[in-house]
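S.K.:
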Amino acid sequence: MDLQIFISKKGTKVVRATHLHQALELSNEHYPKNVKKWLTDVYQFRDGVRKAERLKDFAKRPLKEGKILDEYYLSLEFAKLICLHSKSKSKLKYAKWLSSMEDELVIANLLSKEQVLAVLDLTKAMGLVSCQLAAEQHHLQTYTDRNGGRASNWWRFRSKVLGYSSEELREQYEMLGKSAKGKSQRQMLLQLDKYEMIRTGVIDMFMAMGKPEAYAKSLGDLAKQFAAELDVELIDDRLTPNTPSIFSSEVNQELAREIKELNKGKHLEMWRPKEAV
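Here this note's numbering is used: the first residue of the sequence shown is 228, the next is one more, and so on.
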């Protein structure tokens, strides 16, 4: 399952204890015992070896009517440490993911205010399928140019960068009880993890611009998080490019044109001077 990230009143990114417990595939009946252990155990936090502190590493969520289980909001660092302490077979997967979300916060802090706003605009623009496809083609061209005009290993290379392959998507899709026959990656992602398409588009665009893989992936992860928080609409605008929808009106059309042409317009130019954060 995908862990959902919430924003606390203080602006801190957190996850719910119940969601983390389910993600780690721990027995529901052991939740009260496990969460009590989480809150009283000792961990190697960035600022030293200590127990988790209330309001710093976790906070109790007010119980809603009819709910009997205590719920807690956990900081990303605390949730990652819980994963590493657990005996779950999925602990490495979620520890790595939470670690990447922490890195994302570092990237966000290193970006200028203008760049953060630019990522927000880029996130909305990548909701357009035409922008996603254009970014992919630009990335392919950059890859081909760097490999002497050859693109024989393109799909293998791109799968490694993105962290998934067509085969893995088909397996996940069929686990939903659906046939993956004849389905494209895009069609499957729409059902499995729709905002992954925005992440992919952003990664493709920055790598097409010559940015390092780690940089492109960090901004792609950030854009995916923004997309989820903003509930960005995914629009297939290829058939009706000149018919804006109520949702596409939120897209910066000038930026969208720059993405499709990968030209040196004012929106993309801000990303060109520096090669890495």
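Yeah, the Cβ is synthetic: ideal placement off N, Cα and C, and Gly gets one too. Predicted model, so just to flag it, every value in this text is computed and none were measured.
1) Start and end of the beta strand (DSSP E) containing Ser-302?
2) Would Thr-350 pass as a contact of Ile-425 if the rule is Cβ separation under 8 Å?
3) Look at the alpha carbon of Asp-284 and the alpha carbon of Asp-297, and state the distance between them as a whole number of angstroms.
4) For my contact list, Cys-358 and Ile-486 are in at a C-beta cut-off of 8 Å; report their separation, rounded to the angstrom.
5) Among residues of its own chain, excluding the 5 on either side of Ile-473, which ones have a beta-carbon nearer than 8 Å to its beta-carbon?
6) According to DSSP, simplified to helix, strand and coil, what is Tyr-422?
7) By how many angstroms is the C-alpha of Val-459 removed from the C-alpha of Pro-500?
8) Tell me, which residues are paired with Ala-286 by DSSP?
9) Determine the direct distance from the alpha carbon of Gln-368 to that of Asn-356, and round the result to whole angstroms.
10) In whole angstroms, what separates the C-alpha of Asp-420 from that of Tyr-321?
11) On a CA-only basis, which of Thr-245, Ser-411 and Ile-462 is nearest Met-353? Give me that one, please.
M.R.: So, from the data block:
1) To locate residue 302, count along the sequence shown from 1; it is residue 75. Element bounds for Ser-302: 298-302.
2) Mapped onto the sequence shown, residue 350 falls at position 123. Mapped onto the sequence shown, residue 425 falls at position 198. A contact, by the Cβ cut-off of 8 Å.
3) Position 57 of the sequence shown, counting from 1, holds the residue named residue 284. Position 70 of the sequence shown, counting from 1, holds the residue named residue 297. Using only the alpha carbons, I get a separation of about 16 Å.
4) What you label residue 358 is simply residue 131 of the sequence shown in a count that begins at 1. What you label residue 486 is simply residue 259 of the sequence shown in a count that begins at 1. With 8 Å as the limit, Cys-358 and Ile-486 qualify as a contact, their Cβ atoms being about 5 Å apart.
5) Your numbering for residue 473 matches position 246 in the sequence shown. With a pLDDT of 48 at Ile-473, under the threshold of 50, the modelled position of this residue cannot be trusted; read the value that follows with caution. So the list is empty, once near-sequence residues are dropped.
6) Mapped onto the sequence shown, residue 422 falls at position 195. Reduced to three states, the DSSP call for Tyr-422 is coil.
7) Residue 500 sits at position 273 when you count from the first residue of the sequence shown. Residue 459 sits at position 232 when you count from the first residue of the sequence shown. The predicted model places Pro-500 with a pLDDT of 48, which falls under 50 and marks its position as unreliable, so this point remains unresolved.
8) Here residue 286 is taken as the residue at index 59 of the sequence shown, counted from 1. Per DSSP, Tyr-300.
9) In the sequence shown, residue 356 corresponds to position 129, counting from 1. In the sequence shown, residue 368 corresponds to position 141, counting from 1. At residue 356 the sequence reads Val, which differs from the Asn that was named. Rounded to whole angstroms, Val-356 to Gln-368 spans 18 Å at the Cα level.
10) On the sequence shown, residue 420 is found 193 positions in, with the first residue counted as 1. On the sequence shown, residue 321 is found 94 positions in, with the first residue counted as 1. Distance between the alpha carbons of Asp-420 and Tyr-321: 16 Å.
11) Mapped onto the sequence shown, residue 353 falls at position 126. It is Ile-462 whose Cα lies nearest to the Cα of Met-353.
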